[in-house]
Amino acid sequence: MKKSVKWKILTAVLAVIMLLSACTNGGGNNKPSASGETTAPSGTASSAPSEQAEEPINLLWLSFDPPEGDETPVQKFLEERFNVKIENMRVDRTSWTEHLNIRLATGEVPDLFFLWSQGEILDYSNQGLLAELPIDLIREKMPKYAASVDEMDPSIWDLAVVDGKNFAIPLYWLEGLTPFMPAYNGDWLKAAGFDKAPETLVEFEKVVYYFAKNDPDKNGKADTIGYSGSGKDSLATLAFNSVYSAYGTSPGAWLKAEDGSLVNAMVTERTREALKVLNKWYKDGVIDKEFLTTDYAKTRQDLANRRSGIIDRGMWNSYSIAIGPEFKGQNPDTELVVGKPLVGPYGDNAGFSWGVKNNFVGMGAQVAKDPKKMDKLFEILEAMVSDEEVYKMTYFGVEGEHYDLVDGVPTPKEQYVNVTERGAKVGASSYYNIFGTKSSYMSQFDLSKEQAAFKKQTTEGVPAFSSLLTFIVPETSQYPDLNRIRDEHLIKFIIGEINLDQGFDDFVKLWNSSGGEALTKAVNDRYAALQQ
């Protein structure tokens, strides 16, 4: 009988000990056991390991215009939303290639890898720094974005292909379909006898000469110029683009010849004729003698300061967001009149545009060995393209703090209007959201009602053309002197150091013999292959 009582007491004591032990573990003191395992809390002994929180995935992130700090609202949002830890890779945009290459040489290869150009894709893929991103894989992981590319222009998929392998996600830019257009000082136009913008090259020439020769600001001084070009930073692309476009050409572009092949526009007769116009104007003193040292910023300053009355470095959005406000800030009572591309001698009236193709986003080669990291990057990028909350947060910031919704469109508060400054302070810019203003799904958030109306007013029905060389041609790197030869001759043709008759013929021969002929064949071989 005594043994029975003792056994019952011992059983009761053990039960109490077990109960206390269970309660202690249920309070959250989950200390590792001697084997290194953690004791499961009370009531979760049967929980599967997959339900436990996973460690954040580390991402080395490279893009342009980075935030000043690592604790911005956007970075925190991305880290919490996608369970990642972002390390920002900061590279000075003004010396991007030099600084980035130094860091790449030390083995610091970003996981998310912003790429400016096809040249970078070619270089970095050849160095083994980029992961291959098969187009079918992009379609699988980013179905909504892939569908938008197909709808925008399927040839965009060709842009990042090197030797049959794709190394980046190609970006498109909706505004790239709109052309560069000339804009004028409205008061000066009226003084020249025009109540609207010139429509033809002939009318444009009259305005140019009046602005240069007839004291349009009526200050009694010969201190105005007729026409200038940003020769310092865009000699072959945007400098004097109104004149080139009137002839259906652009010296830095590859365009379609009459036989359907692609030809470098610099060696065409249309470009020769346009250069003859510019050379005449230069000799007559109506083209700014300082055009070779003038860049985009200087053309804007000259317009706002009333040294110049014409600028043609702007697309509609430039006039709406930057050039227009700058001009009105110094000339509040003067209208900036935005014109259309000029009709030239052949009836061309299309303006040069960048085209829909844009930059690229790749992944470092190491990501190919880490499927979870690659999937996570695809997940984030697809969300930025197609998820309204993610898009607005990563490009505009926190509603009510950094922007307000006006008619359903995010409208940045005054201190956050400049996207670069907004990105530096808040992280809301193209640094994280590489698809900012580059997603057809989110385009309804990109323009205010006023901006949409201005775009329609200035661009609706206005034709545009752009370079047709949108694909990678590896042979380009074999002929590094071609652009130098082109630019040197452009300058000499305009200022009259080389004539545009025999001198132009000699230039074409030199360009061809320096690799231009071989490059033209390579370009057309690749072009023909892509058409099949």
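Read in order, the letters of the sequence shown are residues -22 to -1, 1 to 510 in mature numbering (1 follows the signal peptide of the UniProt record, and there is no 0). Every residue, glycine too, gets a C-beta built ideally from N, C-alpha and C.
Helix, strand or coil for Trp166, going by three-state DSSP, please let me know.
helix
So the beta strand (DSSP E) Gly340 belongs to, where does it begin and stop?
335 to 341
What number of angstroms, rounded off, separates the C-alpha of Glu46 from the C-alpha of Asp348?
29 Å
Whole angstroms is fine: what's the gap from Tyr222's alpha carbon to Asn490's?
22 Å
Grab me the residues of Ile116's own chain with a C-beta within less than 7 Å of its C-beta, minus the 5 sequence neighbours each way, in chain order.
Ala124, Ile147
Under 8 Å: do the segment 443 to 455 and the segment 136 to 145 share three or more Cβ pairs, one atom per stretch?
yes
Could you give the first and the last residue of the continuous alpha helix (DSSP H) run that contains Pro452?
Segment: none, Pro452 is in no alpha helix (DSSP H) and carries neither H nor E.
Pull the bridge partners of Pro388 from the DSSP assignment, please.
Leu383
CA-CA distance, Leu(-9) and Leu90?
Confidence at Leu(-9) is low in this model, with a pLDDT of 36, below 50, so the placement of that residue is unreliable and no value is reported for it.
Can you tell me where the alpha helix (DSSP H) holding Asp503 begins and where it ends?
495 to 509
Is Lys174 helix, strand or coil by DSSP?
coil
Starting from Tyr102, trace the alpha helix (DSSP H) in both directions and tell me its first and last residue.
96 to 104
Reduced DSSP secondary structure (H/G/I, E/B, other) of Phe485
helix
What residue range does the beta strand (DSSP E) around Phe91 cover?
90 to 93
For Leu107, which of helix, strand or coil comes out of DSSP?
coil
Closest to Asp465 by CA distance: which of Asp114, Gln96, Gly209, Asn66 is it?
Gly209
So Gly374 packs on Ala402, CB below 8 Å; how close in whole Å?
Looking at the sequence shown, residue 374 is not Gly but Phe. Their Cβ separation, rounded to whole angstroms, is 15 Å, which puts Phe374 and Ala402 out of contact at 8 Å.
Could you give the distance in angstroms between the alpha-carbon of Trp166 and the alpha-carbon of Pro194?
5 Å
Going by other Cβ atoms of all chains shown within 10 Å of its Cβ, with 16 needed for buried, is Asn79 buried or exposed?
exposed
Could you tell me whether the segment 56 to 72 touches the segment 418 to 431, where touching means 3 or more Cβ pairs closer than 8 Å?
no
DSSP-derived helix/strand/coil call for Ser492
helix
Check whether the segment 154 to 166 and the segment 270 to 288 touch, using three or more Cβ-Cβ pairs below 8 Å as the test.
yes
Please state whether DSSP places Ile147 in a helix, a strand or coil.
strand
Count the other C-beta atoms from every protein chain shown that fall within 10 angstroms of the C-beta of Glu98, then say buried if there are 16 or more, exposed otherwise.
buried
Comparing alpha-carbon positions, which option in Leu179, Val368, Asn197 lies nearest residue 527?
No answer is possible for residue 527: the residues shown for the chain start at -22 and end at 510.
Residue range of the alpha helix (DSSP H) that includes Arg464
460 to 473
C-alpha gap between Leu108 and Ser492, whole angstroms
32 Å
Mark Val52 as exposed unless 16 or more other C-beta atoms lie within 10 angstroms of its C-beta, in which case mark it buried.
buried
Less than 6 Å between C-beta atoms, sequence neighbours within five positions excluded: which residues of the same chain meet that for Glu76?
none
Length of the line joining the Cα atoms of Leu111 and Gly340
8 Å
Ser208, DSSP secondary structure in three states:
coil
Within 10 angstroms of the Cβ of Tyr297, are there 16 or more other Cβ atoms? Answer buried if so, exposed if not.
buried
The alpha helix (DSSP H) that contains Glu153, what's its start and end?
Element bounds for Glu153: n/a, residue is neither H nor E.
Environment of Val455 [buried if 16+ CB atoms lie within 10 Å]:
In the sequence on display, residue 455 carries Ser and not Val. Exposed.
Return helix, strand or coil for Glu377, following the three-state DSSP convention.
strand
Taking 7 Å as the cut-off, is the CB of Tyr205 close to at least one heavy atom of the ligand MG?
As for the ligand MG, it is missing from this structure, which has no ligand bound.
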